[in-house]
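Have a look at the structure below before the remarks.
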Amino acid sequence: MADSRGEIVVEVDSSSGYSAKEAPLFNKSSFHGKSEVLKIMLFHEAVAEAVRRGPNHDDDEDVEDNPDELKTIRFGKSTILQCVILVVILIALACSLLVPDLKRKSLWKWEVLLLALISGRLISGCLVRVAVIFAEQNFLLQKRVLYFTYGLRRAVQNFLWLGLVFVTWYPIFDSKLDNNRSRILPNVTKILVCLLVAALLWLLKTVLVKVLASSFHVNTYFERIHQALFRQYVIETLSLKPLAGSSHGTSDEEPGDGLSEALLPKAGSLWKWDKVGARSSEKNGNKIQKNSISVWYMKKMMHMIKHGSLSTLDEQILESDMEDVSHVHIDGKTECHARKAARKIFLNVAKPKSRLIYLDDLMRFMSKDDAVKMIRLLGLKTESDGIDKQALENWVIEAFKERASLARSLNDTNTAVDDLHNMLNVIVGIVTVIIWLIILGVPITQFLVFISSQLLLLAFVFGNSCKMVFEAIIFLFVMHPYDVGDRCEVDGVQMIVEEMNILTTVFLRTDNLKIRYPNNVLATKPISNYNRSSHMGETIDFCIHISTPIERIHRMKQDIKEYVESKSEHWHPRLNLIIKDVVDMNKMVMSLWLTHRMNHQEMVERWARRTLLVERMIEVFRQHEIEYRMLPLDVNVRNLPSPTPSYDKPVPSNWTACA
């Protein structure tokens, strides 16, 4: 989620847990009437309400972007002090207006000014909170409104505060500006104008960065985060005990003693079900869309991806007495831990002595819609098909890898946004100083002429660098052809995106050689992205003898087709076997075209599937005695050795000779 600088800020502890005081969702009354194990919130329904009632962090960034925090004043030390000063000034102002002796001394003017200076920020903060509540109630599901309402809160508050001070100062002391020969009052007015202009420029800069950052992060990563969190929800849900009484995850039993109340706040990565969220989601169409996503919800999703980790519930329970909750999570970056989690889930979900998981088994843990969605993600053709252990293991491994890749992408893009923000800070600072000098009446004409001449020199020296930076920004935030972890092809070389910076991109070649490309150079090159491609095709070329009967070719094609259909989790059923060419009147060049149920992002998996298919094709060739022979050659031999019985034998088959 974008903050006042326009970047996504996630400043939370790595455990991503909730303390007992900070989790009103995790009390006993919240689980009354639920199942004996903590109910998992259906991701497509109650996620917004669960996040809304989540933990209250102490850092300012969370306060700024959390709607619940904006609805209530946080009574910290500074807030209490401002309230006390406000009350004291109001009492003094009342006395100055009611007591005749004090009224003649015009103390009320200074008290009003002091009220604006000291308590103006508190008052402007209250106005912003009212505006936030209004925006949330009226524009909660409209495009990007809450991004700017929450993210611009601090900049708007500062602008209102300085505007309130200026509006208080100018009418009260305007009549004295002409009569007073001192330059103090006019200079104070100019200083207030300078501060007000600086606040306005900072507000405009924040709007500019927020437009870029919010659009970029939502359009680029929302779907990937949505998918990653659904996978996390599935993994955590399937690690629970089956929900008793219903296959759709409803039960009226009390929580069991096996899951202690102390553990509930620590299981921060688990989505919690609550009825309010369900009702609100049903009312709004039961879906969460990019255009309706609010900034605080986006931030929570970013936090769960970057700092959370995939885990099974039994590991959290076994380690619930540990102070550092981060130790109870499975390391999402290691394949062995992913396999371990998959085996636990399979044993937990599958029926005893069953080798497959069916839809009914999944519905004991989650709703039917989520169970069907999981089956589709696994690539099964129908809902009646079962999920074997290997397919589940591959899916969990893919979820772990995608989560790690997404977290790295978010970190790198946040760094790029931060670099852009720093560049704009320098530009806004220079413009602000020049405007200040003009407002204060400093003779800067000759100074600006001198600076302009120097800028021409700097433009000659650094003009190409500025152009390179601008092109890199356009490439990274507008074109954005890849993310961290994507397999790309540049200049005919396949590489993995290792690191993204605002000026350069680091690629990792297949032999682990790191290659650094300038982004402005990449902007001029065609880039092939395997990860963003749909299901990709495969081509296998082979040659057979021209004398091979057509009937054998048909039987060969039928056997290959049966194998492809039996591996429906690997291949689409449709294939083409064509004759590409005839060479030297004895060799038919044939080609088998078929389509993977994946792209070529995972190149090792692609070649493994291709290897299995080629091995099966070799078996079919041998079974139907399909082979290829070279053309006979005319050889003139002068001294022919004496014939032996071995020469009387026919030429053996290639398969027999190689056996």
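Numbering (full-length UniProt numbering), first residue to last: 1 to 659.
Even for Gly, the Cβ is constructed at its ideal location relative to N, Cα and C.
Could you check which residue in the options has the C-alpha nearest to that of residue i?
{"i": "Asp418", "options": "Met500, Asp584, Phe222, Cys83", "result": "Met500"}
{"i": "Met479", "options": "Ser452, Leu456, Thr524, Tyr517", "result": "Thr524"}
{"i": "Phe400", "options": "Ile579, Val234, Gln82, Asp581", "result": "Val234"}
{"i": "Leu224", "options": "Ser405, Phe447, Ala199, Pro186", "result": "The sequence given here places Arg at residue 224; Leu does not occur at that position. Closest by alpha carbon: Ser405."}
{"i": "Ser591", "options": "Cys488, Lys580, Met617", "result": "Lys580"}
{"i": "Gly125", "options": "Leu97, Leu162, Leu98", "result": "Leu162"}
{"i": "Thr168", "options": "Leu192, Phe230, Ile184", "result": "Leu192"}
{"i": "Tyr482", "options": "Glu627, Leu522, Ile430, Leu456", "result": "Leu522"}
{"i": "Arg408", "options": "Asn519, Gly537, Val497", "result": "Val497"}
{"i": "residue 663", "options": "Gln494, Arg629, Ala94", "result": "As shown, the chain starts at 1 and ends at 659. That puts residue 663 outside it, with no answer to give."}
{"i": "Glu569", "options": "Asn348, Gln454, Thr382", "result": "Thr382"}
{"i": "Asn529", "options": "Leu508, Cys488, Arg552", "result": "Cys488"}
{"i": "Asn576", "options": "Leu212, Gln558, Lys567, Lys587", "result": "Gln558"}
{"i": "Ile451", "options": "Gly463, Ile434, Phe462", "result": "Ile434"}
{"i": "Asn414", "options": "Lys340, Ile502, Ile89, Cys194", "result": "Ile502"}
{"i": "Arg343", "options": "Ala391, Ile427, Val426, Phe542", "result": "Ala391"}
By the three-class DSSP mapping on this structure, what secondary structure does residue i have?
{"i": "Ile427", "result": "helix"}
{"i": "Leu81", "result": "helix"}
{"i": "Met590", "result": "strand"}
{"i": "Asp419", "result": "helix"}
{"i": "Phe450", "result": "helix"}
{"i": "Leu185", "result": "helix"}
{"i": "Arg516", "result": "strand"}
{"i": "Thr524", "result": "coil"}
{"i": "Arg355", "result": "coil"}
{"i": "Ile387", "result": "strand"}
{"i": "residue 661", "result": "In the structure as shown, the chain begins at 1 and stops at 659. Residue 661 is therefore absent and cannot be evaluated."}
{"i": "Ala94", "result": "helix"}
{"i": "Thr432", "result": "helix"}
{"i": "Thr595", "result": "strand"}
{"i": "Lys205", "result": "helix"}
{"i": "Met363", "result": "helix"}
{"i": "Gly441", "result": "coil"}
{"i": "Arg5", "result": "Residue confidence for Arg5 is low, a pLDDT of 39 falling below 50, so the modelled location carries little weight and cannot support an answer."}
{"i": "Tyr628", "result": "coil"}
{"i": "Val193", "result": "helix"}
{"i": "Leu633", "result": "coil"}
{"i": "Pro100", "result": "helix"}
{"i": "Lys109", "result": "helix"}
{"i": "Thr382", "result": "coil"}
{"i": "Pro242", "result": "coil"}
{"i": "Arg121", "result": "helix"}
{"i": "Arg532", "result": "coil"}
For the alpha helix (DSSP H) that contains residue i, what are its first and last residues?
{"i": "Asp581", "result": "Premise fails: Asp581 lies in the beta strand (DSSP E), 571-583, not in any alpha helix (DSSP H)."}
{"i": "Leu347", "result": "335-349"}
{"i": "His554", "result": "550-566"}
{"i": "Glu619", "result": "603-623"}
{"i": "Asp541", "result": "Run containing Asp541: none in the alpha helix (DSSP H); it sits in the beta strand (DSSP E), 537-545."}
Taking the continuous beta strand (DSSP E) assigned at residue i, which residues delimit it?
{"i": "Asn529", "result": "527-529"}
{"i": "Lys373", "result": "That residue, Lys373, is in no beta strand (DSSP E); its alpha helix (DSSP H) goes 368-377."}
{"i": "Phe507", "result": "504-509"}
Write down the C-beta distance between residue i and residue j rounded to the nearest angstrom, noting that I regard them as a contact closer than 8 Å.
{"i": "Gly364", "j": "Pro242", "result": "For clarity, residue 364 is Arg in the given sequence; the question names Gly instead. 4 Å between Cβ atoms; contact."}
{"i": "Val490", "j": "Ile527", "result": "6 Å"}
{"i": "Ile108", "j": "Ser96", "result": "A quick correction: the sequence has Trp, not Ile, at residue 108. With a Cβ gap of about 4 Å, Trp108 and Ser96 count as contacting."}
{"i": "Ile345", "j": "Ser239", "result": "6 Å"}
{"i": "His596", "j": "Trp571", "result": "6 Å"}
{"i": "residue 666", "j": "Val156", "result": "Any property of residue 666 remains undetermined from this structure, which presents the chain solely from 1 to 659."}
{"i": "Met556", "j": "Ile626", "result": "6 Å"}
{"i": "Asp361", "j": "Lys351", "result": "6 Å"}
{"i": "Ala228", "j": "Glu471", "result": "Rounded, the Cβ-Cβ distance is 31 Å, inconsistent with contact."}
{"i": "Thr237", "j": "Met423", "result": "Actually they do not touch by this definition, with Cβ atoms about 44 Å apart."}
{"i": "Leu113", "j": "Ile89", "result": "Incorrect: roughly 10 Å between the Cβ atoms, too far for contact."}
{"i": "Asn520", "j": "Met468", "result": "5 Å"}
{"i": "Leu356", "j": "Ile375", "result": "No, Leu356 and Ile375 are not in contact; Cβ-Cβ is about 12 Å, not under 8 Å."}
Measuring only between beta-carbons, confirm whether residue i sits less than 7 Å from chain C.
{"i": "Arg408", "result": "This model lacks chain C altogether, as it is built from one protein chain only."}
Next item on the list: Let me know the beta strand (DSSP E) ranges lying completely inside the stretch 463-500, each 3 residues or longer, listed in chain order.
Entry: 487-490, 493-500
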